[in-house]
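Quick note on numbering: full-length UniProt numbering labels position 202 of the sequence shown as 202, and the sequence is numbered without any gaps. Have a look at the structure below before the remarks.
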Amino acid sequence: MKHLILGTAGHIDHGKTSLVKALTGVDTDRLKEEKARGITIELGFAHLELPGDLRFGIVDVPGHERFVRTMVAGVGGMDLVLLVIAADEGIMPQTREHLEICQLLGVKRGIVVLTKKDMVEPDWLDLVTEEVRDYLAESFLSGAPIISVSSRTGDGIETLKAELTKMAKEIEQKRVDSPFRLPVDRVFTVTGFGTVVTGTLLSGAVTVGDEVEILPSGIACRVRGVQSFGSKVEKGGAGERLAVNLQGVDHTDVQRGDVVVPKGLYKPTSAVDVRLNYLASMGKELKHRAGVRLHSATYEVPAKVILFDRDALQPGDSAYVQLRLDHPVLLLPGDPFVLRTYSPQATLGGGTVLDPAPPRRRRRSAEALALLEAAESGVDQERIRLLVESSLLSGISIQEMVNRSGMSGKRIEAALAPLLSSGAVLQVVKEPRIFLSKDAFAQLKQRLSEELHEYLQENPMQEGIGKEELKSRIPRRSDARFFGPVLASLEKDGLALSDRELVKLPGRKVGVTQDQASVQRALEEALTKAWFEPPTLKELCDLVGATEKQVLDHANMMFREGRVAKIKGDIFYAPGAVNELRDKLVAHLKEKGEITPPEFRDITGLSRKFMIPLLEYFDQEKLTIRMGDKRVLRKG
1 MKHLILGTAG
11 HIDHGKTSLV
21 KALTGVDTDR
31 LKEEKARGIT
41 IELGFAHLEL
51 PGDLRFGIVD
61 VPGHERFVRT
71 MVAGVGGMDL
81 VLLVIAADEG
91 IMPQTREHLE
101 ICQLLGVKRG
111 IVVLTKKDMV
121 EPDWLDLVTE
131 EVRDYLAESF
141 LSGAPIISVS
151 SRTGDGIETL
161 KAELTKMAKE
171 IEQKRVDSPF
181 RLPVDRVFTV
191 TGFGTVVTGT
201 LLSGAVTVGD
211 EVEILPSGIA
221 CRVRGVQSFG
231 SKVEKGGAGE
241 RLAVNLQGVD
251 HTDVQRGDVV
261 VPKGLYKPTS
271 AVDVRLNYLA
281 SMGKELKHRA
291 GVRLHSATYE
301 VPAKVILFDR
311 DALQPGDSAY
321 VQLRLDHPVL
331 LLPGDPFVLR
341 TYSPQATLGG
351 GTVLDPAPPR
361 RRRRSAEALA
371 LLEAAESGVD
381 QERIRLLVES
391 SLLSGISIQE
401 MVNRSGMSGK
411 RIEAALAPLL
421 SSGAVLQVVK
431 EPRIFLSKDA
441 FAQLKQRLSE
451 ELHEYLQENP
461 MQEGIGKEEL
471 KSRIPRRSDA
481 RFFGPVLASL
491 EKDGLALSDR
501 ELVKLPGRKV
511 GVTQDQASVQ
521 RALEEALTKA
531 WFEPPTLKEL
541 CDLVGATEKQ
551 VLDHANMMFR
561 EGRVAKIKGD
571 IFYAPGAVNE
581 LRDKLVAHLK
591 EKGEITPPEF
601 RDITGLSRKF
611 MIPLLEYFDQ
621 EKLTIRMGDK
631 RVLRKG
């Protein structure tokens, strides 16, 4: 069965609810207040089955001005609209506003229904028909069928059904191969079942047992049951009106404006880049940083308008802007939205989301405008190229591209293929796949190469820089996982050389000046003179007249050359002293088989300050192995 959403729009008391009842037999005025006042305050729902295995979910939206925000929620996901105009009154203020909202939210098709035909003369009906046709000439309903009906007598209802059947066959069914999204328009509890939410499924399919979450709160829960048009089903698809029973969440933790989505897939956003169409009917300019209310699906959130390339929008202008939201909501590429003013309350414009997770944009940024133009153009390869480039040194994953572009993973892979082949884009992490632009990768290489040179310039006696040290110098906004590929590329270009845990400069030889050589001779003399109990690092500094860093640099260089023995980070010995201690230890172990720390102290005369580090040193050198509080010779 083909599922579509049919909405009503039009001025208060023009007969929308009566029309729905005449079509379906369902009275959508469900609240006592609605019955008493004779107006629709909340969204009303019914369904209509037509020949050809067609089913319309009908959303009856309110027409009273103060309920326009509810009307916006009803238009979300609408495939077809019935613009309802009472024949005895013609076009009225909410007729105009509802039509503007439908256009701003991207409704493409509709039928104009002139109600209350039984209350006017045929000549009057002809005049109203012509007035309506002229008024709609520049709108998306230009050329749309205009059908007059009487909901009281049923006259024209069958003609309307026949036209709905014809148009339904021409409308493409919403895709179910994308992730599901269910904006919540009602929340309630059912005894024995718990929390139930209702809404129009915008995309994908939701199945009993699905692990889901409520955004923006992030509350995780599970789908316990699904109903479509009052019938229990295992799965609900895009375009259907659904009631979803959620397990693991209290009804007080869910509200209208939330959205149910697959667990862990989407993130709410506090800023979106959009195409904004400012209505020509507005009487004044829209200034940079103006406060507005954003409506999309069932959301209503305060926002500020950030203009990129101008200081104000004139009525009728269209421009790229960033909307900064007071609190996070879920918006995706292609989502339509409407902006309304606070006081007086009026619709000022709307458009389409282009980038739901943009960085902070610099005003008048040519790069930002180029990216948004590509996003709007629909040219996949250019759009992905600019997305990767705009990620700068941070890189971007496939999932981030999906979220920011609204494209499927398959489309993104197809767009990436020629970019990867040409070298314009590089994959730098395998899992998850993360990409950098050619220029960003080159900048990282340049940065690490400069860090290597700078370190060795500051540490002339070091053979190289430790890999972990160099890795820590990757820019903060980059990913540490980029280090390996960047270093490999530096090595390939002959700009660096990996040697175990060091990164060196190819061809560089470590040398010392005459003054440095004299410091090293002084170190050798001090260590040889002290023999079994060498000076501390501080004492060595005083002896040779150098800083701790200088002494350590010299001592480490001498260690690499075999001129001193390094017992631990700041304890160095003359090699001959260590060899003598080793001989004493081996002789004892061969005779006794084992040794304790006190016994090692007895045979060497060492204090605990040196005794323990030396025993640990011989363990690390794989001469001995520790067994409890004793040590034995390591076999082999």
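Ideal Cβ placement from N, Cα and C applies to all residues, glycine included. Keep in mind that this is a model prediction, so the values were computed, not measured.
Cα-Cα separation, residue i to residue j
i      : j      : result
Leu527 : Lys471 : 35 Å
Leu323 : Ala370 : 18 Å
Ala346 : Pro333 : 25 Å
Leu83  : Lys117 : 15 Å
Val233 : Gly192 : 18 Å
Glu34  : Ser18  : Note that Glu34 scores 36 on pLDDT, short of 50, meaning its location in the model is unreliable; the coordinates nonetheless yield the value given after this. When rounded, the distance between both Cα atoms is 13 Å.
Thr624 : Leu552 : 27 Å
Ser148 : Gly156 : 6 Å
Glu65  : Gln94  : With a pLDDT of 46 at Glu65, under the threshold of 50, the modelled position of that residue is not reliable, and no figure is offered here.
Arg275 : Arg310 : 14 Å
Ala290 : Glu548 : 59 Å
Asp335 : Arg109 : 17 Å
Ala168 : Val26  : 21 Å
Ile171 : Asp79  : 8 Å
Thr24  : Leu48  : 6 Å
Thr40  : Arg186 : Any reading at Thr40 needs caution, since the residue's pLDDT is 35, under 50, leaving its predicted position unreliable; the model's value is listed next. Cα to Cα, Thr40 sits roughly 15 Å from Arg186.
Glu450 : Leu505 : 11 Å
Val196 : Gly236 : 15 Å
Asp629 : Glu616 : 12 Å
Pro597 : Glu561 : 31 Å
Glu413 : Glu389 : 16 Å
Leu4   : Arg55  : 6 Å
Ile214 : Asp250 : 11 Å
Phe67  : Glu97  : Confidence at Phe67 is low in this model, with a pLDDT of 44, below 50, so its placement is unreliable and the value that follows should be read with caution. Approximately 12 Å, taken between the alpha carbons.
Leu313 : Tyr135 : 26 Å
Reference residue i; option with closest CA among the options
i           : options                        : result
Gly466      : Leu444, Leu502, Gly283, Ala312 : Leu502
Gln443      : Val274, Glu121, Pro475         : Pro475
Pro534      : Met611, Lys592, Glu158         : Met611
Gly10       : Leu540, Leu99, Ala87, Leu23    : Leu99
Ser296      : Arg477, Ser607, Asp258, Ser178 : Asp258
Gly199      : Ala46, Leu452, Ser343          : Ala46
Asp570      : Glu539, Glu463, Gly545, Ala587 : Glu539
Gln103      : Leu490, Leu339, Asp355         : Leu339
Glu454      : Arg473, Lys438, Arg411         : Arg473
Leu202      : Pro216, Lys166, Arg411, Glu240 : Glu240
Lys438      : Arg385, Gly406, Ala415         : Arg385
Gly464      : Asn556, Gly409, Thr604, Val208 : Asn556
residue 658 : His554, Cys541, Arg500, Leu313 : Look at the range of the chain in this structure, 1 to 636, and you will see that residue 658 is not part of it.
CB-CB length for residue i against residue j, believed under 8 Å
i      : j      : result
Ala271 : Pro358 : 6 Å
Leu330 : Pro262 : With a Cβ gap of about 12 Å, Leu330 and Pro262 do not count as contacting.
Phe618 : Leu585 : 6 Å
His14  : Glu89  : 7 Å
Val425 : Phe482 : Actually they are not in contact, since the Cβ atoms of Val425 and Phe482 sit about 14 Å apart, beyond 8 Å.
Gly248 : Ala220 : 7 Å
Ala87  : Leu125 : 6 Å
Thr165 : Gly57  : Between Gly57 and Thr165 the Cβ distance is about 15 Å, and since that is not below 8 Å, they are no contact.
C-beta neighbour in chain C for residue i, strict 8 Å
i      : result
Leu330 : Absence of chain C from the displayed structure is noted, only one protein chain being present.
Boundaries of the beta strand (DSSP E) in which residue i is found, first to last residue
i           : result
Tyr299      : 299-307
Val402      : First-last for Val402: 398-405, but that is the alpha helix (DSSP H), not the beta strand (DSSP E).
Val321      : 318-329
Gly350      : 347-355
residue 646 : Residue 646 is absent from the structure shown; the chain starts at 1 and stops at 636.
Ser296      : 290-296
Glu431      : Note, Glu431: premise wrong, no beta strand (DSSP E); not H, not E.
Met627      : 624-627
Residue i, enclosing alpha helix (DSSP H) - first and last residue
i      : result
Ile412 : 409-422
Val632 : Looking at the DSSP string, Val632 is not in any alpha helix (DSSP H); the run it does join, the beta strand (DSSP E), is 630-633.
Leu552 : 548-560
Tyr617 : 608-620
Tyr266 : Element bounds for Tyr266: n/a, residue is neither H nor E.
- Message: Three Cβ pairs or more, each shorter than 8 Å: is that satisfied between the region 298-315 and the region 234-252?
- Response: No, the region 298-315 does not touch the region 234-252.
- Message: Does the contact criterion of 3 or more C-beta pairs under 8 Å hold for the region 391-400 versus the region 428-435?
- Response: As far as the Cβ criterion goes, the region 391-400 touches the region 428-435, which means the pair count is three or higher.
- Contact between the region 290-301 and the region 374-389 (3+ Cβ pairs under 8 Å): no
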